[in-house]
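Using our numbering, read the sequence shown as starting at 1 and increasing by one per residue. Here a beta-carbon is modelled for each residue, glycine too, at the ideal position from N, C-alpha and C. Owing to the predicted nature of the structure, the values given are computational and were not obtained by experimental measurement. Here is the structure we will look at, set down as structure tokens.
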Amino acid sequence: MADRAEDDRFMAEALTVAHRNRGATGSNPSVGCVIVRDDGDGPHIVGSAVTAVGGRPHAETQALALAGDAARGATAYVTLEPCSHHGKTPPCADALVAAGVARVVIAVTDPDERVSGRGLDILRDAGIVVDTGVLEEKGERELEGYLMRKRNNRPYVTLKLAVSADGMIGIKGQGQIRITGTAARDYVQRLRAETDAILVGIGTAIADNPELTCRIPGLEARSPLRVVIDGELDMPTTSKLAQTARLVPVIAVSGREDGSDAYAARRQALQDLGVEVVLCNPIEPADLLGALATRGVSSLLIEGGARTAQQFLNAGLVDRILLFTGPATLGEEGVPSPLDRHLIPVGFTHRQTTTLGDDLLDTYEYERIP
Ligand code: AOF
Ligand code: ZN
1 MADRAEDDRF MAEALTVAHR NRGATGSNPS VGCVIVRDDG DGPHIVGSAV
51 TAVGGRPHAE TQALALAGDA ARGATAYVTL EPCSHHGKTP PCADALVAAG
101 VARVVIAVTD PDERVSGRGL DILRDAGIVV DTGVLEEKGE RELEGYLMRK
151 RNNRPYVTLK LAVSADGMIG IKGQGQIRIT GTAARDYVQR LRAETDAILV
201 GIGTAIADNP ELTCRIPGLE ARSPLRVVID GELDMPTTSK LAQTARLVPV
251 IAVSGREDGS DAYAARRQAL QDLGVEVVLC NPIEPADLLG ALATRGVSSL
301 LIEGGARTAQ QFLNAGLVDR ILLFTGPATL GEEGVPSPLD RHLIPVGFTH
351 RQTTTLGDDL LDTYEYERIP
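Here it is as structure tokens:
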């Protein structure tokens with residue numbers, strides 16, 4: 001008999017394992033697999049793995065390799081339905097069957113049209129006991145980017161805003177203003193590492209000259225793809241973004257070429273530095289998200305500024321808001337934020353408040369009607 005509490009406990013462990021490579025598995029979801037056996041002395045983990053950086057090998061084959069013979073008769077906890085397709089690797093469902101696993105517990109079934117339900121069939125046809133929907137809601141959260149891209153052909157969009165106590169995001173003409181403290185900035189750095197792509201408008205790219213990379217020691221390689229909405233291609237060639245484009249990719253999304261020599265020259269100069277120029281006219285949030293999804297981007301973090309945030313909010317294309325509120329007051333010189341703790345757009349539900357040093361982090365999620 002399956003023990004509900006035990007299933008929840010090991011699926012929670014599989015979800016923790018899955019989280020390790022979030023944002024680092026390309027277009028593949030980061031899946032966790034934990035193999036557990038019980039020889040009468042209580043359950044213990046004999047193999048545990050996450051989808052490899054880059055997306056392959058998948059989680060199950062690695063966990064099975066670690067378990068070896070101990071996988072025979074064991075239970076495998078997997079956060080996503082094991083694959084059934086011959087893609088770049090053979091099907092994980094076949095590998096679970098070959099290893100003699102007795103039971104497979106799954107959080108979320110796979111919407112990938114090559115898999116969807118067939119992974120379950122392979123397992124059941126081989127006589128394996130299959131239980132789905134264990135910690136499904138948590139699983140859906142962990143896989144939110146992948147699921148959004150598969151179901152809606154767009155990335156899951158998180159809007160991050162840092163506002164002063166009086167609801168300002170900065171001071172005009174003063175570049176990057178310190179609104180939040182180190183704990184909040186560390187949090188954002190970590191978030192960047194877990195996200196596929198990051199987006200800012202050209203106003204922010206010029207005013208703040210941000211690098212938008214992850215600078216946590218050891219996680220530099222997890223910096224996201226950097227995307228700038230840059231209608232006229234005004235990104236300075238001297239900006240940190242342009243200067244580091246060969247190290248961490250940068251896309252400038254521009255309106256259609258205006259035919260002028262000056263535009264062509266700006267474009268060439270950026271391309272010479274390694275910036276990829278993507279034409280999109282008009283630059284509509286929905287089209288932009290579709291183009292990013294086609295490139296395999298499953299999660300997008302919007303980091304500014306006010307205009308870009310407003311554009312995506314107006315289009316109904318923000319799924320989560322992370323609102324950092326610092327203690328300082330910026331006063332009349334400030335640039336007002338499109339939202340603050342007292343003014344949250346309709347449709348968003350407050351999820352939690354966390355204290356980070358002297359700052360508050362409020363999380364809101366858009367409630368979609370299924
Ligand atoms: C699994 N375990 O760890 C992951 C899975 O391009 P491929 O051949 O690697 O296939 C990508 C698909 O594999 C992806 O869309 C999803 O259905 C599945 N991902 N499956 O069994 C894993 N990451
Ligand atoms: Zn697989």
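For residue i and residue j, what's the separation of their Cα atoms in angstroms?
| i | j | result |
| --- | --- | --- |
| residue 184 | residue 102 | 45 Å |
| residue 55 | residue 25 | 4 Å |
| residue 186 | residue 85 | 39 Å |
| residue 268 | residue 278 | 13 Å |
| residue 59 | residue 299 | 20 Å |
| residue 235 | residue 193 | 24 Å |
| residue 155 | residue 191 | 15 Å |
| residue 285 | residue 312 | 6 Å |
| residue 314 | residue 13 | 38 Å |
| residue 355 | residue 224 | 26 Å |
| residue 37 | residue 340 | 50 Å |
| residue 376 | residue 23 | The question about residue 376 has no answer here: the residues shown for the chain are numbered 1 through 370. |
| residue 287 | residue 203 | 20 Å |
| residue 149 | residue 113 | 13 Å |
| residue 135 | residue 142 | 11 Å |
| residue 75 | residue 106 | 11 Å |
| residue 120 | residue 27 | 22 Å |
| residue 77 | residue 219 | 27 Å |
| residue 138 | residue 19 | 11 Å |
So residue i packs on residue j, CB below 8 Å; how close in whole Å?
| i | j | result |
| --- | --- | --- |
| residue 130 | residue 160 | With a Cβ gap of about 39 Å, residue 130 and residue 160 do not count as contacting. |
| residue 304 | residue 201 | 7 Å |
| residue 293 | residue 241 | That belief does not hold up - the Cβ atoms of residue 293 and residue 241 are roughly 22 Å apart, past 8 Å. |
| residue 229 | residue 308 | 6 Å |
| residue 79 | residue 31 | 5 Å |
| residue 53 | residue 81 | Not confirmed; about 22 Å, so no contact. |
| residue 327 | residue 362 | Incorrect: roughly 15 Å between the Cβ atoms, too far for contact. |
| residue 196 | residue 117 | Not really, about 27 Å apart at Cβ, beyond 8 Å. |
| residue 169 | residue 318 | 16 Å between Cβ atoms; not a contact. |
Check the DSSP bridge columns for residue i and list the partner residues they point to.
| i | result |
| --- | --- |
| residue 194 | None, per the DSSP bridge assignment. |
| residue 360 | 325, 355 |
| residue 148 | According to DSSP, residue 148 bridges with nothing at all. |
| residue 45 | 36 |
| residue 350 | 364 |
| residue 344 | Looking at the DSSP assignment, residue 344 forms no beta bridge with any residue, so it has no partner. |
| residue 201 | 229 |
| residue 160 | 322 |
| residue 103 | 75, 129 |
| residue 80 | 108 |
Would you be able to state if there are at least three C-beta pairs under 8 Å between the region 208–224 and the region 233–248? The region 233–248 makes contact with the region 208–224, as at least three CB pairs between them are under 8 Å.
Taking 8 Å as the threshold, find out whether the region 158–174 comes into contact with the region 260–273 through three or more Cβ pairs. Between the region 158–174 and the region 260–273, the count of Cβ pairs shorter than 8 Å is below three; the stretches do not touch.
Can you list every residue whose CB sits closer than 5 Å to some heavy atom of the ligand ZN, going in chain order? Taking every residue with its beta carbon within less than 5 Å of a heavy atom belonging to the ligand ZN gives, in chain order, 58, 83, 92.
Contact between the region 65–72 and the region 90–101: three or more CB pairs below 8 Å? Touching, per the Cβ criterion.
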